[in-house]
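Enquirer: Under mature numbering (1 follows the signal peptide of the UniProt record, and there is no 0), residues -20 to -1, 1 to 148 are what the sequence shown spells out, in order.
Built from N, CA and C at the ideal position, the CB exists for glycine as well.
Note that the coordinates shown come from a computational prediction; the quantities given were computed from them, not determined experimentally.
Pasting a structure below so you can have a look.
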Amino acid sequence: MVHLFSLAVITLAFIYAIESAVVKAPVAARACSPVNCHGKTKTCPYGYQKSKDGCDICKCNDPCNPQGKAKLCGPKERCHVEKKADGTFGTRCDAAKPKKGGKGDKKGGDKSKVDCTAPAVTGMCRAAHKRFHYNSATKACQEFTYGGCGGNSNNFNTKAECEKACKV
């Protein structure tokens, strides 16, 4: 009987040790599941946000609005993300430029806040949409490739929309 009791105690101690090791395992030792974006492919140029346990979640990092921190730029400033020579990204804030332009937003909104002097910006995503922007150097609307998200207001579906908004 004592032998059976000793065997039970040793077995329970062994199980407790194994369970304790699993609970206290560092985050790096735990396996994270692949990011599940409800069956859709999601590309995040600045990486995914992390959950409390350190695993990726289906939300993209935004360098201008870091997770759990205050926005980098004030309400009258514009945030710019720049790729550095080492492949990392840096941000900077500039005072917003005065807006120029007319009406006729590609999404049905008011395009009166178009900055026709802003450069063509592909944006953070990796799609390839044919768009037009006003080139203030050539004083003409030109085609460029838009990635699908981010960018700026100097972005039009058609050359005619660009010419109307920027009064070419």
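Compare the C-alpha of proline 43 against each of Cys142, Tyr26, Ile37 and Ala108 and name the closest.
Expert: The candidate whose alpha carbon is nearest that of proline 43 is Tyr26.
Enquirer: Indicate the three-state DSSP secondary structure (helix, strand or coil) for glycine 82 in the structure shown.
Expert: Interpretation of glycine 82 is limited by its pLDDT of 43, a score under 50 that renders its predicted location unreliable; the figure taken from the coordinates is listed afterwards. Residue state, collapsed to three classes: coil.
Enquirer: Exposed or buried, valine 15, counting other C-beta atoms within 10 Å across all chains shown (16 or more means buried)?
Expert: Per the 10 Å Cβ criterion, exposed.
Enquirer: So, with DSSP's three-state summary, where would you put alanine 140?
Expert: Here alanine 140 sits in helix by DSSP.
Enquirer: Can you find the residues in the same chain that come closer than 8 Å, C-beta to C-beta, to cysteine 17, ignoring five residues on each side of it along the sequence?
Expert: Correct list, in chain order: Cys38.
Enquirer: Classify valine 148 as buried or exposed, calling it buried when 16 or more other Cβ atoms lie within 10 Å of its own Cβ.
Expert: Per the 10 Å Cβ criterion, exposed.
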